[in-house]
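Worksheet: one structure, shown below.
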Amino acid sequence: MTTIAAAVGEPYTIGLTRTGLIRLSRKVRGTEHFIIFDRTAALTVCDAIVDFVEQQD
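And the structure:
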């Protein structure tokens, strides 16, 4: 499992589900919220985030 600090609030955690999917989760006000991706979707989302950040420079 990997932990990523958040600008505000609890950190994000990234880990694998029992079936090998990628789970991104975070606790907000005591409730855990999560998104589950397959490998292709996770790479697509990461690529889109990098593209967005590069456009902000």
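Position in the sequence shown (from 1) plus 8 gives the number in this note's numbering.
Backbone N, C-alpha and C define an ideal beta-carbon position, used for all residues, glycine too.
- Here V61 carries a helix assignment [DSSP, helix/strand/coil].
- Nearest Cα to A50 within the set G17, E18, G28 and A15: G28.
- If you ignore the 5 residues before and after R31, its C-beta comes within less than 6 Å of the C-beta of G23, T25, F42 and I44, all in its own chain and listed in chain order.
- When rounded, the separation of the alpha-carbon atoms in C54 and V61 is 11 Å.
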